[in-house]
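Engineer: Residue numbers (the numbering used here): -8 to 853. Structure below; questions to follow.
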């Protein structure tokens, strides 16, 4: 670099200027080129202690002035004249100066510029996006033109991002103060309020700036941060971490990876949002100042805050060195050792007898990140546990507010549960006390933290159980996290795990919870119950076996591994195995088959589905034996009491319904269908499928069913009757007090609408198929249903199936309608990683679209 400048230039420079040239060249190729190519750069380095004002008269000159200002800040940083706080302050001041000139060049006197993100916080990087909002009280069209002229003037100086405005990139570029306020009052998501923590007006008319700042403070601090807001914010961060992990950068990203800068900023911001409404001292956009205020207010431990403060300064300095290298926005430490060595050297690392600069740098990065993650994971709840134990600075009021914000509504019950989980002097209880901050954190990320804590409390009752759970947690954090999410989502999971606690160890491996093939399920079930003689023992053992396998389906569903189709397949296979095993236990004295109808016949069971069955046997002489066998099977499947039930069996689809015999011979069934069957009974046979018992009897029944259904397509009278029955169901079957649109099954555009439409169309066209969506695919292939209509029906059916399953899980068995009460609706929405308003809007939109297709394809056909 000195050679490129020439001896005559270098010789005339003072020592500090020469050091600055060397430091800049070593840290940044692009700034080094600037020094070598632009004589004004040398003047800038000579006058490092001055901050000249910008006097540009055009955008090109402004860009040069900004770049020279950036060089001055970088040199002061690299020479150690400024620490991190002074460096980011100078970068922010430089950006503000450029913005003020940009407003002048654009003639945008009425425009207010609001800094967001790192700019609003006064924490800019050397290569940061400068997040801005634009405000104006003049005519919207004129304001829009001013805003675009301003952006054109400054975009050559730094990257401008206005995507934080209402509506994102599709929203108006400039809004009035009232326009922003209206958006915050009605439409803003939780992340937008989090972003307002960093909102600071930086330039423009003072009266508009004051009005905007007041509106921002009111929007941010006048409303409490509720658990749905917190859930949304934390899930967004989790998704960002997952993206880093998928990109293979978890060990090298200093910003978004675990233990990185975002962990520190996020930890601080979350506590600001939780407690800032009651404590104005926390309302600062600066991360480091907020850290100080959290310590001063007794919200966090001073030593842990110091750990985050030191790590923040270190990691931000690393970030600066990474970005200076080529003036590129990056947060990733390079893989290449030589490049890492360059970063280490510019940060002041030197080699020693024990390690070189690169090794020392790598070690410090790892140690800081590990320390940050440790604090981040325990920060929200460790002070509360200290408060429960009567130590620490956190007050009862602060503890209650924080617990409520994180979803623990009953502080007294939480305290009692924590005490029970950590009570005792055994090694397992000591380990549980150490794990509790993490456990509470994971539970708080679930849909219903109170439910999860109660479930965990039940699971660890007894020394043997707590030892098993603690051992699983110690061996795998993923197991612990999966268990917390499962318990905080589905009440049934606690019941299932109480009976099979050994399954906890499998929760971190979805493949170990996968439902086996039907033949393997049958073999497993028979090994479990076949050797038992007592009918009560058989029933209880089969129920335990069923519920043990049901847990795998539930756990995979909650973890997002299985979609509604796989859940339907798995539940159907599990139910078939139970029914086949039950028939083998009953051991009918006459050849007999069990036929699955409805959703079981279509292999599309959902959790709330009744199991529709029909019994058939061979020969009228065996009617008595068949009736006794069917009765015994129902007793075994239904159990002596509702809590002892294995599956909910419905046999009302048999001929003559509740008045008819439980089992008919195949010939009797054929005669009934030929002479007496009503159209809805023939329609029901479209989903009939033998699932257990005598294979030959099942095949004969299937032939009879095919003759009655597929070989007798519906007449015009049949079609009218089907539509009349469907209309009557719509009018009469939705339970009183439930708005029809809420009902997953019977609402307009919901499951029954799609299923009846598909059945009628496939019946008319003679296109066999069992499951609704599989049949819909065949209707598209055969040209009966258009692709666009099929997409709408498929989407509505999958959506309702998913919501119905998840509602059943989250409410403990009430799965037929969108909950009306606020709390269960919130739990449902959080379990699906959305908000309540969004869930309802999505639900109604899908059903409206599907109903329009149903009206056209089902009701309007001649």
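Even glycine gets a Cβ: it sits at the ideal position worked out from N, Cα and C.
Please confirm if the segment 436 to 451 is in contact with the segment 400 to 408, defined as three or more CB-CB distances below 8 angstroms between the two stretches.
Structural biologist: The answer is yes - the segment 400 to 408 touches the segment 436 to 451, with three or more Cβ pairs under 8 angstroms.
Engineer: What separation, rounded to the nearest whole angstrom, lies between the Cα atoms of residue 283 and residue 560?
Structural biologist: Approximately 55 angstroms, taken between the alpha carbons.
Engineer: Touching or not, the segment 335 to 355 and the segment 32 to 42, by the rule of three or more beta carbon pairs under 8 angstroms?
Structural biologist: Contact between the segment 335 to 355 and the segment 32 to 42 is absent, because fewer than three Cβ pairs lie under 8 angstroms.
Engineer: Any contact of the segment 542 to 552 with the segment 500 to 509, i.e. 3+ C-beta pairs under 8 angstroms?
Structural biologist: Contact holds: three or more Cβ-Cβ distances are below 8 angstroms.
Engineer: Between which two residues does the alpha helix (DSSP H) harbouring residue 60 extend?
Structural biologist: Counting along the chain, the alpha helix (DSSP H) containing residue 60 begins and ends at 50 to 69.
Engineer: Locate the alpha helix (DSSP H) running through residue 606, then write down its first and last residues.
Structural biologist: Residue 606 -> not in any alpha helix (DSSP H); beta strand (DSSP E) instead, spanning 602 to 608.
Engineer: Have a look at residue 670 and residue 544 and give me their C-alpha separation to the nearest angstrom.
Structural biologist: The straight-line gap from Cα to Cα measures roughly 36 angstroms.
Engineer: Taking residue 874 as the reference, which of 150, 735 and 292 has the closest Cα?
Structural biologist: With the chain running from -8 to 853 in the structure shown, residue 874 is simply not present.
Engineer: Please state whether DSSP places residue 669 in a helix, a strand or coil.
Structural biologist: Reduced to three states, the DSSP call for residue 669 is coil.
Engineer: Can you find at least 3 beta carbon pairs, one from the segment 462 to 470 and one from the segment 504 to 523, that sit closer than 8 angstroms?
Structural biologist: No contact exists between the segment 462 to 470 and the segment 504 to 523.
Engineer: Among 704, 75 and 137, which has the Cα closest to the Cα of residue 100?
Structural biologist: Of the listed residues, the one whose Cα sits closest to residue 100 is 137.
Engineer: For the alpha helix (DSSP H) containing residue 168, list its first residue and its last residue.
Structural biologist: Counting along the chain, the alpha helix (DSSP H) containing residue 168 begins and ends at 168 to 177.
Engineer: Pick from 515, 246 and 827: whose alpha carbon is nearest that of residue 232?
Structural biologist: Minimum Cα distance to residue 232 is reached at 246.
Engineer: What separation, rounded to the nearest whole angstrom, lies between the Cα atoms of residue 72 and residue 252?
Structural biologist: Computed Cα separation, rounded: 24 angstroms.
Engineer: Nearest by alpha-carbon distance to residue 426: which of 5, 363, 446 and 468 is it?
Structural biologist: It is 468 whose Cα lies nearest to the Cα of residue 426.
Engineer: Taking only the alpha-carbon atoms, compute the straight-line gap between residue 853 and residue 707 and give it to the nearest angstrom.
Structural biologist: Low confidence applies to residue 853: its pLDDT is 43, below 50, so where it sits in the model is not reliable, and the reading given next is rough at best. Their Cα atoms are separated by approximately 8 angstroms.
Engineer: What separation, rounded to the nearest whole angstrom, lies between the Cα atoms of residue 830 and residue 784?
Structural biologist: Taking the straight line from one Cα to the other gives about 18 angstroms.
Engineer: Under 6 angstroms Cβ to Cβ from residue 393, same chain only, skipping five residues before and after it: list those, please.
Structural biologist: Once the five neighbours on either side are set aside, the close Cβ partners of residue 393 are 265.
Engineer: Using a threshold of 8 angstroms, state whether the C-beta atoms of residue 144 and residue 50 are closer than that.
Structural biologist: Yes. Within cutoff.
Engineer: How should residue 43 be labelled, buried or exposed, when 16 other C-beta atoms within 10 angstroms of its C-beta is the threshold for buried?
Structural biologist: The residue is exposed, with fewer than 16 neighbouring Cβ atoms inside 10 Å.
Engineer: If we ignore side chains and look at the alpha-carbon of each, how far apart do residue 119 and residue 471 end up?
Structural biologist: Roughly 37 angstroms separates the two Cα atoms.
Engineer: On the three-state DSSP scale, how would you describe residue 853?
Structural biologist: With a pLDDT of 43 at residue 853, under the threshold of 50, the modelled position of this residue cannot be trusted; read the value that follows with caution. Reduced to three states, the DSSP call for residue 853 is coil.
Engineer: Tell me where the alpha helix (DSSP H) around residue 473 begins and ends.
Structural biologist: 468 to 478 is the extent of the alpha helix (DSSP H) around residue 473.
Engineer: Mapping the DSSP letters down to three states, classify residue 86 as helix, strand or coil.
Structural biologist: In the structure shown, residue 86 sits in a helix (DSSP, three-state: H, G or I).
Engineer: With DSSP collapsed to three states, give me the class of residue 594.
Structural biologist: Reduced to three states, the DSSP call for residue 594 is coil.
Engineer: Quick one, which of 261, 243 and 726 has its alpha-carbon nearest residue 224's?
Structural biologist: The residue with the shortest Cα to Cα distance from residue 224 is 261.
Engineer: Mind reading off the beta-carbon distance from residue 569 to residue 637? Whole number of angstroms is fine, and I expect it under 8 angstroms.
Structural biologist: The Cβ separation is near 6 angstroms, so the contact holds.
Engineer: Kindly indicate which three-state DSSP category residue 632 falls into: helix, strand or coil?
Structural biologist: DSSP places residue 632 in coil when its eight states are reduced to three.
Engineer: I want to know whether the segment 674 to 691 touches the segment 578 to 593 - three or more CB-CB distances under 8 angstroms.
Structural biologist: With a cut-off of 8 angstroms, the segment 578 to 593 and the segment 674 to 691 count as touching, because enough Cβ pairs lie within range.
Engineer: The alpha helix (DSSP H) with residue 646 in it runs from where to where?
Structural biologist: Neither: residue 646 is in no alpha helix (DSSP H) and is coded neither H nor E.
Engineer: If you check the beta carbons only, do residue 22 and residue 13 fall under 8 angstroms apart?
Structural biologist: It is not a contact, given that the beta carbons lie outside the stated cut-off.
Engineer: Mind checking residue 799: buried by the 16 CB within 10 Å criterion, or exposed?
Structural biologist: Answer is buried; the Cβ neighbour count reaches 16.
Engineer: What number of angstroms, rounded off, separates the C-alpha of residue 104 from the C-alpha of residue 259?
Structural biologist: Those two C-alpha atoms are separated by around 26 angstroms.
Engineer: Report the start-end ranges of each alpha helix (DSSP H) in the segment 2 to 39 that is 4 residues or longer and not cut off at the edges.
Structural biologist: Taking only runs of at least 4 residues, the alpha helix (DSSP H) segments lying wholly in the segment 2 to 39 are 6 to 18, 20 to 28 and 30 to 37.
Engineer: Count the other CB atoms, across all protein chains shown, that sit within 10 Å of the CB of residue 656; report buried if there are 16 or more and exposed otherwise.
Structural biologist: Result: buried.
Engineer: Is any heavy atom in the ligand COA found nearer than 7 angstroms to the beta carbon of residue 56?
Structural biologist: Although the ligand COA was asked about, the structure shown includes no ligands whatsoever.
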